[in-house]
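Numbering (the numbering used here), first residue to last: 1263 to 1429.
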């Protein structure tokens, strides 16, 4: 007959997370989600603040970021060709004004990313309020983040390749 096991038999195993540790992790996660949401609010606030239209009222296609005090795109200055992000700020600014077609002309990837970020803003606020990552399976946050960043980069590079090929 096998001997009975006691709690001491398992003393070498590491204990699971404590309630205090889990609560601390939850607070850090919530704070992170609030920071993400605040950052996205700032991005959309800047998009509302800048003027994506030329003096004659026609939509610009790029260089609106200079209204934020940033220098012209170094890639354009050095090569005469747009970089993967050229037109992104203009695209956001046009999209928040409801000028979808002009936004797509400025940078269609930027239009898609702006919509994704608007959804991410709502998700971050709702997840912070719920205290957990909504719609993300437990333990899959890193995978979802990696796939999302990869998809955004792929969109930008596909759009950039199209711009470079079309001349």
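From the three backbone atoms N, C-alpha and C, an ideal C-beta is built for every residue, glycine too. From a predicted model like this one, the values you see are computed outputs, not experimental measurements.
Asked	Found
Buried versus exposed, by CB contacts within 10 Å (16 or more), residue 1399	exposed
Beta-carbon proximity list for residue 1379, same chain, < 8 Å, skipping 5 on both sides	1302, 1305 and 1306
At least 3 beta-carbon pairs within less than 8 Å: the segment 1335-1349 vs the segment 1382-1389	no
Status (buried if at least 16 other CB within 10 Å, exposed otherwise) for residue 1428	exposed
Extent of the continuous alpha helix (DSSP H) to which residue 1424 belongs	1403-1428
The segment 1366-1373 in contact with the segment 1349-1356 per 3-pair CB rule at 8 Å	yes
Alpha-carbon spacing of residue 1320 relative to residue 1291, whole angstroms	43 Å
8 Å Cβ cutoff met for residue 1323 and residue 1352	yes
Length of the line joining the Cα atoms of residue 1445 and residue 1316	With the chain covering only 1263 through 1429, there is no way to say anything about residue 1445.
Residue burial classification, residue 1417 (beta-carbon count within 10 angstroms, cutoff 16)	buried
Buried versus exposed, by CB contacts within 10 Å (16 or more), residue 1332	exposed
Residue 1334 burial status per 10 Å Cβ neighbour count (16 or more: buried)	exposed
Burial state of residue 1369, where buried means 16 or more other Cβ atoms lie within 10 Å	buried
Beta-bridge pairing of residue 1321 - partner residues as DSSP gives them	1315
Exposure of residue 1326, with buried meaning 16 or more beta-carbon neighbours within 10 Å	buried
Residue nearest to residue 1311 in terms of C-alpha spacing, selected from 1299, 1297 and 1330	1330
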